[in-house]
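S.K.:
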Amino acid sequence: MRSLSIFLLIIISHLAHAQSWEQCASETIKLQSYGLYEQAELQAQKCLNLALKTYGSKSWEYGQSLSNLAYAQKSLGEYDLSIHNFRKTEALAYKLFGNAHYEHIAALNNLANTYMDIEKYDSAEFFVDQIAQSLKGTELDRNDPVSVKAYVNYKNTVASLYHKKGGIEKAIQTLEEIQSADLSLEALGSDYFVVLNNLSSYYLEAGLLKKAGQTLTQSVTLLNEYGKTLDLLYAMQNLGGYYRKTELYDSASLVWNRALHIIAEDSIQDAQLTNALLTNLGEMFTELGDDEQAINYLTRAKSIQDSRAAINPGLYEVTLSNLAIAYMDAGNYQAADTLYHQLMHQLVEDVVYNFNYLSVKEKQNLYRKQRSYFDDFGGFALAVCGFPQLQESENPYINKHITTALYNQQLMTKGIILNSSDKMRQQILASSDERLKKNYYRWVKSKNHLANMALQMDASKVAELKLKIDSLEKVLIKSSRQFEKGFTVTEKTWKEVQQHLKPGEAAVEMVRLIDGLVYAALIVTPEVSQPVMSLIWSKNNRLLEKEMFYRYRNLNYFQRADTSSYKIYWRPIIDSIRSNSFVPVKKVYFSPDGIYNQISLQGLYNPAQNDFVLDEIELTYITNTGNLLENPEQPRAPKNALLMGNPRFTLGASKIIYDYEPLPGTSEEILKIDSILEQNDWKTVVLNQKSATEEALKEAKSYSVVHLATHGFFNQESTGNDLTDAMLQSGIALAGANTLQGGEGQDGILTAYEASLLNLDNTRLVVLSACETGLGVYHPGEGVYGLQKALESAGASHVLMSLWKVNDEATWKLMTLFYTYWVQSGDIQESFKRAQRQLRQAYPAPYYWSAFVLSGT
0 MRSLSIFLLI
10 IISHLAHAQS
20 WEQCASETIK
30 LQSYGLYEQA
40 ELQAQKCLNL
50 ALKTYGSKSW
60 EYGQSLSNLA
70 YAQKSLGEYD
80 LSIHNFRKTE
90 ALAYKLFGNA
100 HYEHIAALNN
110 LANTYMDIEK
120 YDSAEFFVDQ
130 IAQSLKGTEL
140 DRNDPVSVKA
150 YVNYKNTVAS
160 LYHKKGGIEK
170 AIQTLEEIQS
180 ADLSLEALGS
190 DYFVVLNNLS
200 SYYLEAGLLK
210 KAGQTLTQSV
220 TLLNEYGKTL
230 DLLYAMQNLG
240 GYYRKTELYD
250 SASLVWNRAL
260 HIIAEDSIQD
270 AQLTNALLTN
280 LGEMFTELGD
290 DEQAINYLTR
300 AKSIQDSRAA
310 INPGLYEVTL
320 SNLAIAYMDA
330 GNYQAADTLY
340 HQLMHQLVED
350 VVYNFNYLSV
360 KEKQNLYRKQ
370 RSYFDDFGGF
380 ALAVCGFPQL
390 QESENPYINK
400 HITTALYNQQ
410 LMTKGIILNS
420 SDKMRQQILA
430 SSDERLKKNY
440 YRWVKSKNHL
450 ANMALQMDAS
460 KVAELKLKID
470 SLEKVLIKSS
480 RQFEKGFTVT
490 EKTWKEVQQH
500 LKPGEAAVEM
510 VRLIDGLVYA
520 ALIVTPEVSQ
530 PVMSLIWSKN
540 NRLLEKEMFY
550 RYRNLNYFQR
560 ADTSSYKIYW
570 RPIIDSIRSN
580 SFVPVKKVYF
590 SPDGIYNQIS
600 LQGLYNPAQN
610 DFVLDEIELT
620 YITNTGNLLE
630 NPEQPRAPKN
640 ALLMGNPRFT
650 LGASKIIYDY
660 EPLPGTSEEI
670 LKIDSILEQN
680 DWKTVVLNQK
690 SATEEALKEA
700 KSYSVVHLAT
710 HGFFNQESTG
720 NDLTDAMLQS
730 GIALAGANTL
740 QGGEGQDGIL
750 TAYEASLLNL
760 DNTRLVVLSA
770 CETGLGVYHP
780 GEGVYGLQKA
790 LESAGASHVL
800 MSLWKVNDEA
810 TWKLMTLFYT
820 YWVQSGDIQE
830 SFKRAQRQLR
840 QAYPAPYYWS
850 AFVLSGT
């Protein structure tokens, strides 16, 4: 569940001189300050007509009337009308006063805030950038109220934009800059109440309760002495949030209901404030188990929002989610179903619109803000899918079509964060815009620089470089809008996946539910009328991600017979596939989630048939089954390969930082592969010892095959949730890694972060003949951030990687067998499967022959 804090916008109005218009405008502003927006809209329209008649359409009196009308329309949810009138105000202010004048800045600010309300963040940032350009070269005059207003206005809008995109720390930092700017209360005026209110809201959201309490106390004290009723109500809303966070529920209920009473008593028409109060009361009573009161408050909030011409998406999503949960708790699953349908539709709209514009970091922040909605929906789908009896009812509500919505949601969101970057790169490199390409190469260079600095812990420059990279990403994204369709995020459906399946094929989307206690396999075959759900359960005190997995891993490592993992992790899936196909299933496209990223399914033993999954079916790993829709017929790949192995890890006399040991066996591996390829008319480049450098790999391009035989690493002690940090936790060691000397400006360690920047658009296969190259940092709903995802994002069609450390001899034998079969047949998947079977004759234990996993289509 999500609570709401209210964030204020700063709308500044100056009154003009003619008495009749001045009285009209004063009445408009007064009505707005009391939240009487419907009356304010009518009054503003009168003022607009009066200004037009008295001063003409080129006067600032007319412009101010337009602004007041737009503000009233915005408060009523009439966003299209509001934006139209704010735009007219901005154009007039620019013509009358110029770019840097306060009135023009205020108009830009109003546009930015309105676009934020409807979650059009690219448009909002455009106007924020315009404000920054307008203020460039001007100094803050701490004694001039107009200068202070412009400064505070801008900072507050910037903070709001950071917050909307998930950057709560930056939002707090931005508003704290105002507090530390040594501005007098006289110069700040009522704007300071806005700053305190928003800052306290951010503190609450970040869990900084002590700071939130101090800021709220200061705010309420000042408002009681100097403030207006509406400002005080906003502070009361956030004060209630503070009480709730500190478990003073009676106090929270008292202050929120008191605010609602004042709103009703004074006929205040601030719908956003009213909705926030009702929603938070409803959520709190859901938490306290009072479903009746919760539904009452939340239904009132939803009714108000549904009655508006347009909605505030963020507020509406919170209301829908909380009301759905309240209905579930009350046992009304049918009502909850309707609400979740609305919520998922709203979230998909957000993703489609905003993911094209946001940088990778911002995509991750926004997705994680929305992740709890998707998780809640997954839990709901489990409750109504018809399999388990999770509803306390003799007549439970069943929605057999819920699998359709759940599958489509997975297609939309799984692996989305790096996918958009992949499309962006392809378009930019194909462009004739040399400036665009130059910015792209600057971005790549900066990201490589960041990777090297981060590994060497040069923290003083890391933050600065991250900001530079973020800015360059946005420049690239905005520039690429010129391309047809761009790198847009498009909706995909399970039906489209089904249309790409042949008879005897199936697609499986794994979904991690209830924190990994349950997994759902969503199955599509050519015959089904909707996705079929098969459930994999934790049992008693044995969890899928703990005891059951540990047993699988240990039996595999010690090469002991494992007669249970097949039954646990695979049988529920394959049985459902077979029962929903009219013909024998020969091929399964499998998109893993959660613990399934760490299990080599091919190596699971079926005691009933005395064989393995490898023998039963062709299993093709794929990041997202929606990728089947993006796999057009590829042109015949050139027969060329880059083979790197046995790097000399210690170069020069520098201090040894790491202790990677030599791998002489990998020289034999790449020489054997080189011989196999050359005999079949392939052109090869072999790099080993000193030449197997990070620099050489980064400069390589247009190879059909890249084979890397070296040490891999994965640091399980991840330092944070940041995508960059996660992608730094896995990689491979190349020449000079022990002394951090890997060529010009390189350190010899290629992290997953750097691998995502390689140019692999024409690469059909990357082979990571190294230990643990298939591992990475897992984030729910996002997948595993590691070498596989990085290389696929860089353009590789297939990636062959390992899940655990393997015997060197078994590794090179598997590789030589694979290449031998591949050059003969041209079928990557079938050749790998044959190689595994052949290796199994010499090494029967799955530990040897199932360590490597091939992904891609």
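Mapping of the sequence shown onto numbering that gives the first Met the number 0: position 205 corresponds to residue 204, and the numbering continues sequentially without gaps. Each residue gets a CB set at the ideal place from its N, CA and C atoms; glycine is no exception.
1) Using the C-alpha atoms, what's the distance from Ala205 back to His103?
2) Would you mind working out which of Glu546, Thr810 and Val822 sits nearest Ala850, comparing C-alpha positions?
3) Just to confirm, is the Cβ distance from Ala24 to Gln63 under 8 Å?
4) Give the straight-line distance between the Cα atoms of Leu786 and Glu829, rounded to the nearest whole angstrom.
5) Along the chain, where does the alpha helix (DSSP H) containing Asn407 start, and where does it finish?
6) Since Gly735 contacts Ala751 with CB under 8 Å, what's their CB separation in whole angstroms?
7) Quick one, are the C-beta atoms of Gly503 and Ile594 less than 8 Å apart?
8) Would you mind stating whether Thr245 and Ile262 have Cβ atoms separated by less than 8 Å?
9) Rounded to whole angstroms, what's the CA-CA distance from Asp374 to Tyr93? Just pull it up for me.
10) In terms of residues, what are the limits of the beta strand (DSSP E) holding Tyr518?
11) Determine the DSSP secondary structure at Lys689, reduced to helix, strand or coil.
12) When the Cα atoms are used, what is the spatial distance from Tyr784 to Glu677?
13) Report yes if the C-beta distance between Tyr406 and Pro571 is below 8 Å; otherwise report no.
14) Is the beta carbon of Lys209 within less than 7 Å of some heavy atom of the ligand ADP?
15) Based on Cα-Cα distance, which residue from Pro591, Ser159 and Leu259 lies nearest to Leu853?
16) Looking at the structure shown, is Thr622 part of a helix, part of a strand, or coil, going by DSSP?
17) With burial defined as no fewer than 16 other Cβ atoms inside 10 Å of the residue's Cβ, what is the status of Pro843: buried or exposed?
18) Between Leu381 and Leu512, is the Cβ-Cβ spacing less than 8 Å?
19) List the whole-angstrom C-beta distance separating Leu749 from Leu733, where the pair is believed to meet the contact cut-off of C-beta under 8 Å.
20) Tell whether a beta-carbon distance below 8 Å holds between Ala691 and Gly625.
21) In the DSSP assignment, find the beta strand (DSSP E) that holds Asn639 and state where it starts and stops.
22) Are there three or more Cβ pairs, one per stretch, closer than 8 Å when the segment 789–801 is compared with the segment 751–763?
23) Cα-Cα, which of His100, Asn48, Glu89 and Phe379 is closest to Asp336?
24) Can you tell me which of the three DSSP states Tyr604 falls into?
25) Just the C-alpha distance for Ile468 and Tyr33, rounded to the nearest angstrom, thanks.
26) Checking 8 Å against the spacing of the C-beta atoms, do Ala258 and Gln236 come in under that value?
27) Please report the straight-line C-alpha distance between Gly651 and Tyr201, rounded to a whole angstrom.
28) Does the distance from the CB of Phe713 to the CB of Glu771 come in under 8 Å?
29) For Lys154, which residues of its own chain have a beta-carbon under 6 Å away from its beta-carbon, when the five flanking residues on both sides are left out?
30) Within 10 angstroms of the Cβ of Ile28, are there 16 or more other Cβ atoms? Answer buried if so, exposed if not.
31) Roughly how many angstroms separate the alpha carbons of Thr228 and Glu89, rounded to a whole number?
32) Take Leu65 and list the residues in its own chain whose beta-carbon comes closer than 7 Å to its own, dropping the five residues that flank it on each side.
33) Given a cut-off of 8 Å, decide if Thr524 and Asn579 are closer than it, judged by their beta-carbon atoms.
34) Under the rule that 16 or more other beta-carbon atoms within 10 Å means buried, what is Phe557, buried or exposed?
35) So Leu208 and Tyr241 are in contact, right, with Cβ under 8 Å, and what is the actual spacing, rounded?
36) Do the CB positions of Met726 and Ser755 come within less than 8 Å of each other?
M.R.: With the given structure in hand:
1) For the purposes of this step, residue 103 is identified with residue 104 of the sequence shown, where counting begins at 1. For the purposes of this step, residue 205 is identified with residue 206 of the sequence shown, where counting begins at 1. Taking the straight line joining both Cα atoms gives about 33 Å.
2) Counting from 1 along the sequence shown, the entry for residue 850 is found at position 851. Among Glu546, Thr810 and Val822, the Cα nearest to that of Ala850 belongs to Thr810.
3) Numbered from its first residue, the sequence shown carries residue 24 at position 25. Numbered from its first residue, the sequence shown carries residue 63 at position 64. Against a cut-off of 8 Å, the Cβ pair of Gln63 and Ala24 comes out as a contact.
4) By 1-based counting over the sequence shown, the position of residue 786 is 787. By 1-based counting over the sequence shown, the position of residue 829 is 830. Cα to Cα, Leu786 sits roughly 23 Å from Glu829.
5) By one-based count along the sequence shown, residue 407 stands at place 408. Counting along the chain, Asn407 sits inside the alpha helix (DSSP H) bounded by residues Ile401 to Thr412.
6) Along the sequence shown, one-based indexing puts residue 735 at 736. Along the sequence shown, one-based indexing puts residue 751 at 752. That pair is no contact at about 19 Å.
7) What you label residue 503 is simply residue 504 of the sequence shown in a count that begins at 1. What you label residue 594 is simply residue 595 of the sequence shown in a count that begins at 1. In this structure, Ile594 does not lie closer than 8 Å to Gly503 by Cβ.
8) Translated into positions along the sequence shown, residue 245 becomes position 246. Translated into positions along the sequence shown, residue 262 becomes position 263. Against a cut-off of 8 Å, the Cβ pair of Ile262 and Thr245 comes out as no contact.
9) The residue labelled residue 374 in the question sits at position 375 within the sequence shown. The residue labelled residue 93 in the question sits at position 94 within the sequence shown. Looking at the two C-alpha atoms, the distance is approximately 47 Å.
10) Stepping through the sequence shown from its first residue, residue 518 is reached at position 519. Val517 to Val523 is the span of the beta strand (DSSP E), which, as asked, contains Tyr518.
11) For the purposes of this step, residue 689 is taken as residue 690 along the sequence shown, with counting starting at 1. Three-state result, Lys689: coil.
12) Taking the first residue of the sequence shown as 1, we reach residue 784 at position 785. Taking the first residue of the sequence shown as 1, we reach residue 677 at position 678. When rounded, the distance between both Cα atoms is 35 Å.
13) Stepping through the sequence shown from its first residue, residue 406 is reached at position 407. Stepping through the sequence shown from its first residue, residue 571 is reached at position 572. Judged by their CB atoms, Tyr406 and Pro571 are not nearer to each other than the 8 Å cut-off.
14) Among the ligands in the structure shown, none appear at all, so the ligand ADP cannot be discussed.
15) Position 854 of the sequence shown holds residue 853. Checking every option, the nearest Cα to that of Leu853 belongs to Pro591.
16) Taking the sequence shown and counting its residues from 1, the one referred to as residue 622 is at position 623. Coil at Thr622, not helix or strand.
17) In the sequence shown, the residue the question calls residue 843 occupies position 844. The residue in question, Pro843, is exposed, as its Cβ has fewer than 16 Cβ neighbours within 10 Å.
18) Position 382 of the sequence shown, counted from the start, is the residue given in the question as residue 381. Position 513 of the sequence shown, counted from the start, is the residue given in the question as residue 512. The answer is yes: Cβ separation under 8 Å.
19) Taking the first residue of the sequence shown as position 1, residue 749 is located at position 750. Taking the first residue of the sequence shown as position 1, residue 733 is located at position 734. With a Cβ gap of about 6 Å, Leu749 and Leu733 count as contacting.
20) For the purposes of this step, residue 691 is taken as the residue at position 692 of the sequence shown. For the purposes of this step, residue 625 is taken as the residue at position 626 of the sequence shown. Going by C-beta atoms, Ala691 is not nearer than 8 Å to Gly625.
21) Taking the first residue of the sequence shown as 1, we reach residue 639 at position 640. First-last of the beta strand (DSSP E) with Asn639: Asn639 to Pro646.
22) yes
23) Taking the first residue of the sequence shown as position 1, residue 336 is located at position 337. It is Phe379.
24) Residue 604 sits at position 605 when you count from the first residue of the sequence shown. In the structure shown, Tyr604 falls within a strand segment according to DSSP collapsed to helix, strand and coil.
25) In the sequence shown, counting from the first residue as 1, residue 468 sits at position 469. In the sequence shown, counting from the first residue as 1, residue 33 sits at position 34. Inter-residue distance for Ile468 and Tyr33 is about 45 Å (C-alpha atoms, whole angstroms).
26) Counted from its first residue, the sequence shown places residue 258 at position 259. Counted from its first residue, the sequence shown places residue 236 at position 237. Going by C-beta atoms, Ala258 is nearer than 8 Å to Gln236.
27) Counted from its first residue, the sequence shown places residue 651 at position 652. Counted from its first residue, the sequence shown places residue 201 at position 202. Cα to Cα, the separation comes out at about 51 Å.
28) If you number the sequence shown from 1, residue 713 lands on position 714. If you number the sequence shown from 1, residue 771 lands on position 772. Less than 8 Å separates the beta-carbon of Phe713 from that of Glu771.
29) In the sequence shown, counting from the first residue as 1, residue 154 sits at position 155. Cβ neighbours of Lys154 beyond the five flanking positions: Thr173 and Ile177.
30) The sequence position of residue 28 within the sequence shown is 29, counting from 1. By the 10 Å Cβ count, Ile28 comes out buried.
31) Residue mapping note: residue 228 aligns to position 229 of the sequence shown, counting from 1. Residue mapping note: residue 89 aligns to position 90 of the sequence shown, counting from 1. Between Thr228 and Glu89, the C-alpha separation is close to 29 Å.
32) Here residue 65 corresponds to residue number 66 of the sequence shown, with the count starting at 1. Contacts found: Leu47, Asn84, Lys87 and Thr88.
33) As a first step, residue 579 must be located in the sequence shown, where it is residue number 580. As a first step, residue 524 must be located in the sequence shown, where it is residue number 525. It is a contact, given that the beta carbons lie within the stated cut-off.
34) Indexing the sequence shown from 1 puts residue 557 at position 558. That one is exposed.
35) As a first step, residue 208 is located in the sequence shown; it is residue number 209 there, counting from the start. As a first step, residue 241 is located in the sequence shown; it is residue number 242 there, counting from the start. The Cβ separation is near 7 Å, so the contact holds.
36) The residue you call residue 726 lines up with position 727 of the sequence shown. The residue you call residue 755 lines up with position 756 of the sequence shown. In this structure, Ser755 lies closer than 8 Å to Met726 by Cβ.
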